[in-house]
Every structure is written in structure tokens, then in C-alpha cells.
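Take a look at the structure set out below.
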Amino acid sequence: MTYQLSAFRRFPSAFAIVAASALAFTGLVASTSPAYANSGDYRCAGLADQAGNAAEKASGSDQQNAKRFVATGKKLCEAGNERAAAKQFRSALKIAGVAELETDSQMAAR
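Quick note: the sequence shown, position 97, residue 83 per my numbering, numbers continuous.
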């Protein structure tokens, strides 16, 4: 008497279908990622540079406070928290008395 293991015979083909579907989905997600994700987020690139330059040009205790906000913002960028980092950079700009330079693409990143 032999046992039919029909469910096990279908397993390789079912596994291949699931694996192919997962691979196709991964390719779809990778190809549709936002453009700013590849070029770096404005908040951790352009805004960080603006805040750093403004902090250098500030005077006295304003310079120390602005540099502290910039340093905190950079650490938040390293941790992947761009929104909180942008708040820190904007605070540094405000302390330094400098207005943020904005373009359409930067407004979209907000």
C-alpha cells in the first residue's frame, strides 16, 4: 500500500509562484520610490546646510544655541527622523535671524 502525497508534489510549484510574486512586488516598490529618496531629503541636505551657515555667522550666545540646534538636527537625520530634524534646523535659522530659502521642491518636502 502506497500513500499519495499529492499536497507535497504541488508544494514546489506553489512556492515558486509565491516567490515570483514577492520578487515582482519588490521590483515594483523599488521602481516607484520617490525621487527625493534617491537624491537625499531636502530637510537633511539643503536645510541643514542653510542652518549650519547661519549658525556660523551668528554672534555670541546665539551662535552657540544655533550650533546646538544644528547638531541635534544632524543626529536626528542620522536616525532617520527628517521631520524633527527640520524643526531643529528651522529653530537654528530663527535664532540666527535668517529666513529659510525655499523653492517649489523644498515646499513639497515639508
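Backbone N, C-alpha and C fix where the C-beta goes; we use that ideal spot for every residue, glycine too.
**Whole-angstrom C-beta distance between Ala72 and Arg29, which should lie under 8 Å** = Within the sequence shown, the letter at position 43 stands for residue 29. Within the sequence shown, the letter at position 86 stands for residue 72. The Cβ separation is near 4 Å, so the contact holds.
**Prompt:** Would a C-beta distance cut-off of 9 Å place Leu62 and Ala52 closer than the cut-off?
**Reply:** As a first step, residue 62 must be located in the sequence shown, where it is residue number 76. As a first step, residue 52 must be located in the sequence shown, where it is residue number 66. No, these two residues do not count as a Cβ contact at 9 Å.
**Asked** In this structure, does DSSP put Asn67 in helix, strand or coil?
**Response** If you number the sequence shown from 1, residue 67 lands on position 81. The answer is coil: DSSP assigns Asn67 none of H, G, I, E or B.
**Item:** Backbone secondary structure at Leu79 - three-state DSSP
**Value:** Residue mapping note: residue 79 aligns to position 93 of the sequence shown, counting from 1. Note: Leu79 maps to helix in three-state DSSP.
**Request:** Tell me whether Ala65 is buried or exposed, calling it buried when 16 or more other Cβ atoms sit within 10 Å of its Cβ.
**Result:** To locate residue 65, count along the sequence shown from 1; it is residue 79. Result: exposed.
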